[in-house]
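Residue numbering for the sequence shown follows my numbering, starting at 27 and increasing by one per position. Glycine included, every Cβ here is placed at the ideal spot set by N, Cα and C.
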Amino acid sequence: MSNVLSLEALLDIQTPSPLQCIEIAPKQSVYCKRDDLLHPIISGNKWRKLKPILERAVASDVKHIGSFGGAYSNHLHALGFACTRLGIKFTAIVRAHPQSPLTPTLKDLNKWGASLKFVSREEYQLKTKHCYLTQIQQTFNIEMLIPEGGATASSLGGIACMMEEIHIQHPQAFDLILLPVASGATMAGIIHYIQKHQLQTKVLGVAVLKGQGYLEELVINLVQSHLNDDNPGVAEFNYRPCTDQHTPPKYQYRVNWEIIHRSDFHASGYAKTNALQLAFRQQFFVQHGFTLDKVYNTKSFFALNQLLSEKSLDHFTHKMILHTGGLQGDRANFD
Ligand SMILES: *Cc1c(COP(=O)(O)O)cnc(C)c1O
């Protein structure tokens with residue numbers, strides 16, 4: 027535990043992040059977990075997911091970390107900054123053309139002394155293949171290679187820390203927790219916590235990309251592998267792997283969870299947006315005084331607002347939405 031505290035103290039991470047009550051629609055109060063306020067750079071769920079990984083890296087004196095991401099990646103940005111502060115060498119495998127102008131995210135990484143390796147879209151697809159990872163690790167002499175988005179089974183433990191904070195801040199369990207979903211690790215962490223503590227909480231994920239079936243499978247696999255970490259050899263989980271991408275699978279699952287795939291929410295794809303969502307984001311800022319990033323939180327808060335006005339959430343009394351941070355990524359140009 028002292029290790030945990032010292033790493034957060036070392037990096038000036040402000041925990042617990044505030045749990046704030048906001049009024050989204052008239053007479054509709056929703057709590058918002060402000061993980062965007064954890065740190066000016068290592069923001070939001072990227073810190074939560076990296077915490078267990080970096081604790082292990084520091085404890086075992088890892089000197090060189092590598093990871094994957096796009097040119098605007100919140101994960102590479104958070105990890106690059108943490109590594110420079112911890113005196114760990116960092117290599118970023120970036121899905122981008124070496125000749126294209128550096129994004130603000132990549133400029134920051136350069137400034138922090140990261141080594142950038144540009145790979146094509148095709149090569150980037152290999153990022154989960156074992157032989158490719160071994161090759162990358164050997165070529166660049168990387169000691170610890172972290173998957174894209176920090177989505178590992180151990181990352182789920184960092185999400186549990188966030189859930190513990192919420193429990194202290196609001197001892198009555200929420201009926202509904204809403205969040206954006208991309209790699210599924212944050213959602214998997216919340217589901218795992220709820221399962222472990224047997225809470226009656228529904229977890230509602232908002233897909234920020236087109237990925238029906240695919241995202242569910244990511245979540246299930248992460249929860250499953252984390253359970254195996256907890257209790258080696260005990261797989262007491264009931265689940266059915268998704269085999270058909272086109273039919274939403276019916277999961278036999280003790281935790282009530284669901285990912286919503288609506289085109290008015292994901293806006294046709296990752297990092298895509300539309301005029302309606304941008305107007306919502308602007309109005310949200312005027313009304314509440316804090317910013318939603320365009321890639322993740324504009325979509326989930328827009329979804330919350332829409333579902334409330336459609337009266338689909340009326341049967342939930344205590345509702346919470348997670349602000350996952352990610353504002354640095356907004357320095358992108360959207361067309
Ligand atoms: C990465 C990211 C997400 C998605 O979280 P997953 O755990 O990958 O599903 C959501 N919000 C922000 C700000 C992110 O950077």
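Contact check between the region 72-86 and the region 180-192: three or more CB pairs, one atom from each, fall below 8 angstroms, which counts as touching.
In the assembly as shown, F342 is a buried residue. Its beta-carbon has 16 or more other beta-carbons within 10 Å.
Set against 7 angstroms, the gap from the CB of N71 to the closest heavy atom of ligand 1 is smaller.
Contact annotation: E243 and I285 have beta-carbon atoms that are not nearer than 8 angstroms. With a cut-off of 7 angstroms, the C-beta of Y219 is classified as distant from ligand 1, since no heavy atom of the ligand falls inside that distance.
As a beta-bridge residue in DSSP terms, P206 pairs with V232. Separation of A214 and K228 (C-alpha to C-alpha, rounded to the nearest whole angstrom) is 13 angstroms. Rounded to whole angstroms, the gap between the alpha carbons of V321 and A97 is 14 angstroms.
Across the structure, A293 and D87 are spaced so that their CA atoms are roughly 43 angstroms apart.
Between the region 299-309 and the region 103-118 there are fewer than three inter-stretch CB-CB distances shorter than 8 angstroms, so the stretches are not counted as touching. When DSSP states are grouped into helix, strand and coil, S338 belongs to the coil group. Under the three-state reduction of DSSP output, Q198 falls in the coil class, being neither helix nor strand.
Cβ-Cβ distances below 8 angstroms link H314 to I48 in the same chain, with the five nearest sequence neighbours on each side left out; the list follows chain order. Cβ contact annotation for S126 (same chain, cutoff 8 angstroms, sequence separation greater than five): A97, in chain order. In the DSSP annotation of this structure, the continuous segment of the beta strand (DSSP E) that includes G92 starts and ends at 90-96.
Per DSSP, the beta-bridge partners of S55 are E49.
When the Cα atoms are used, M346 and I91 turn out to be separated by approximately 34 angstroms.
Around the CB of F311, fewer than 16 other CB atoms lie within 10 Å, so the residue is classed as exposed. Taking 7 angstroms as the cut-off, one finds no heavy atom of ligand 1 near enough to the beta carbon of G184.
Per the coordinates, the alpha-carbon of G176 lies some 22 angstroms from the alpha-carbon of K298. G70 and C157 have their C-alpha atoms spaced approximately 32 angstroms apart. Taking 7 angstroms as the cut-off, the C-beta of G96 does not count as close to any heavy atom of ligand 1. Relative to ligand 1, the beta carbon of V120 is positioned no closer than 7 angstroms to any heavy atom. Every unbroken stretch of the beta strand (DSSP E) spanning 3 or more residues and falling wholly within the region 119-165 is given here in chain order: 141-145.
Taking C-beta atoms as the reference points, V232 and P206 count as a pair closer than 8 angstroms. For H349, the enclosing beta strand (DSSP E) begins and ends at 345-349. Contact annotation: I68 and L334 have beta-carbon atoms that are not nearer than 8 angstroms.
By alpha-carbon distance to K115, the top candidate from P42, M170, R82 is M170. In its chain, beyond the 5 residues on either side, R307, F310, T324, F327 have a beta carbon closer than 7 angstroms to the beta carbon of L318. With a threshold of 7 angstroms, the Cβ atom of A293 does not count as near ligand 1, since no heavy atom of the ligand is closer than that.
Not one heavy atom of ligand 1 lies closer than 7 angstroms to the C-beta of S43. With respect to the 8 angstroms criterion, G95 and E148 are not classified as neighbours on the basis of their beta carbons.
Straight across, the Cα-Cα distance linking P78 with S251 is about 15 angstroms. For A208 against V234, the beta-carbon gap comes to about 5 angstroms, under 8 angstroms, which counts as contact.
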